[in-house]
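In mature numbering (1 follows the signal peptide of the UniProt record, and there is no 0), the protein residues as written are -25 to -1, 1 to 499.
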């Protein structure tokens, strides 16, 4: 039954929110913002201030790294959870009109927390798009419209409901929000066959700085190019993506074999993995599996678009050194292979993909792109360094295939031809760990050690694995020259085109954060 709120009750409700806001007085003018939103017919139930009993639970509901919810970390003065696209328009119009700094959160997986934490500007608000999560799959034209609050797991599940021969080339973690994922590129087990998620977007809806909803035709090709890999939070608020579904066979074959680190074997994988049949994607997971003896192991994972008998032939021809036989392979479906990629057993219910769990651990990570095999001597040093950290993890993700054929300027994501694999290393720790400085020092030391062995001029980085050690923007003094230090690492030569687009669509730099794209000349 729908409840009806009388005018007097409505006024009292606004009064309660305003009085709660006044108890945390700040220049953000919470009262003015709430009044502006209410004038746009925004339900008060979608607005949370720190005095609201649900504020903390809403803030933490999609905060995937607990370290960004600790008491010492800046908190928003208000969280708004829009229920419709028009609500997002109202949020942009009101925030801009009142000069309020806004952060936009889709899935909350940002490694530096920029979607719900601001280190350079306070106070600020969070626009949380959790409830914009509809998914409409159209098998007839091989496409789907996905709102940005949906997760990758939800998208995969909805595709599989309609077809067992369609998929989408996006990430491995099912709780990642599709909104931010695509803005940085987005990769997964289909990247060697179909490229990145951003390579398979055919339209989008976005709210621009004027509060208008634009599709691809209305925004123009430059802006459409920029939002597919140029990083979130710079050009507008993405509402939804129209994605191209890709063909997958009824049978997908997977394998996973763990061995103590063998430097010769890992060196060989580096030589051949990027040259494999493009239907085969492999990765290597390096970690410590025996905490008492500190044994470093490597897990070789594979995902093949086809049957096991064919994969036996491919592996015998391309990588016999791994020593796999027919019994090491498991035939499954694409949708179940997405579970396997997340190290979930194949027989797990697909309902797992719909869960929206948050992590109980925090992490610090960095990424590199490798263009020449890392020598065995360096792999031995890696063994020593990994064994000294509590919970380290390195993921070696093979490139090649389609990634070699898409030009580096096709989207803002440039790390393509010539890249053998992506090297993602991080360390995790439980909530309340007192040795955070030790963990961050370890990851930075490892990053410095890897300098001679990774891409150069520039040393590449991946914007979906944001790294503030590369540099950040300054409040009120966003400099293209300063931003280019990290911008070139993420985007190479595409950074200048991103600046040009930013200057055209948001010259006043309303959409900004620590590593947003700056306009060439700031116009207030």
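Where is the CB? At the ideal position from N, CA and C, for every residue including glycine. Since the model is a prediction, treat every value here as computed from it, not as a measurement.
6 Å CB neighbourhood of residue i in its chain, flanking five on each side removed
i           : result
residue 383 : 389 and 391
residue 399 : 342 and 370
residue 294 : 247
residue 138 : 114
residue 430 : 344 and 346
residue 372 : 258, 396 and 397
Where the alpha helix (DSSP H) containing residue i begins and where it ends
i           : result
residue 355 : 351 to 362
residue 423 : 411 to 424
residue 469 : 469 to 480
residue 62  : 60 to 73
residue 12  : 5 to 14
residue 185 : Note, residue 185: premise wrong, no alpha helix (DSSP H); not H, not E.
Pairwise C-alpha distance: residue j and residue i
i           : j           : result
residue 84  : residue 36  : 12 Å
residue -5  : residue 207 : With a pLDDT of 39 at residue -5, under the threshold of 50, the modelled position of that residue is not reliable, and no figure is offered here.
residue 439 : residue 240 : 30 Å
residue 454 : residue 424 : 30 Å
residue -15 : residue 79  : Model confidence at residue -15 stands at a pLDDT of 31, short of 50, so the residue's coordinates are unreliable; what they give is reported in the following sentence. Whole-angstrom Cα-Cα distance: 28 Å.
residue 34  : residue 261 : 33 Å
residue 277 : residue 244 : 12 Å
residue 49  : residue 354 : 40 Å
residue 337 : residue 401 : 10 Å
residue 310 : residue 140 : 10 Å
residue 479 : residue 74  : 20 Å
residue 330 : residue 317 : 13 Å
residue 397 : residue 460 : 21 Å
residue 312 : residue 9   : 46 Å
residue 100 : residue 418 : 31 Å
residue 358 : residue 153 : 35 Å
residue 285 : residue 325 : 27 Å
residue 166 : residue 92  : 31 Å
Contact under 8 Å by Cβ, residue i with residue j
i           : j           : result
residue 63  : residue 212 : yes
residue 335 : residue 405 : yes
residue 150 : residue 128 : yes
residue 232 : residue 275 : yes
residue 146 : residue 81  : no
residue 215 : residue 173 : no
residue 184 : residue 71  : yes
Burial state of residue i, where buried means 16 or more other Cβ atoms lie within 10 Å
i           : result
residue 114 : exposed
residue 15  : exposed
residue 264 : exposed
residue 2   : Residue confidence is low: residue 2 scores 46 on pLDDT, short of 50, so the model does not pin down where it sits. Its coordinate-derived value is still stated next. Classification for residue 2: exposed.
residue 111 : exposed
residue 502 : Given that the chain is displayed from residue -25 to residue 499, the structure contains no residue 502 and the question cannot be resolved.
residue 134 : buried
residue 193 : exposed
residue 116 : exposed
residue 332 : exposed
residue 288 : exposed
residue 456 : exposed
residue 339 : buried
residue 177 : exposed
residue 291 : exposed
residue 46  : exposed
residue 136 : exposed
residue 464 : buried
residue 209 : buried
residue 142 : buried
residue 130 : buried
residue 12  : buried
residue 409 : exposed
8 Å Cβ shell around residue i - same chain, five flanking residues per side excluded
i           : result
residue 168 : 144, 221, 253, 254, 256, 280, 376 and 377
residue 319 : 327
Delimiting residues of the beta strand (DSSP E) encompassing residue i
i           : result
residue 122 : 118 to 122
residue 400 : 396 to 405
residue 277 : 270 to 279
residue 284 : No beta strand (DSSP E) contains residue 284, which is instead part of the alpha helix (DSSP H) from 283 to 293.
residue 340 : 336 to 345
residue 262 : 255 to 265
residue 103 : 100 to 103
residue 229 : 227 to 235
residue 306 : 305 to 307
residue 249 : Taken as a continuous stretch (DSSP letters only), residue 249 belongs to no beta strand (DSSP E), as it is neither H nor E.
residue 369 : 367 to 373
residue 218 : 212 to 219
residue 178 : 176 to 182
residue 112 : 110 to 113
Same chain, Cβ closer than 7 Å to residue i, five either side skipped, listed in chain order
i           : result
residue 450 : 95 and 96
residue 484 : 453, 493, 494 and 497
residue 283 : 228, 301, 304 and 306
residue 523 : For residue 523 there is no data in the structure shown, the boundaries of the chain being -25 and 499.
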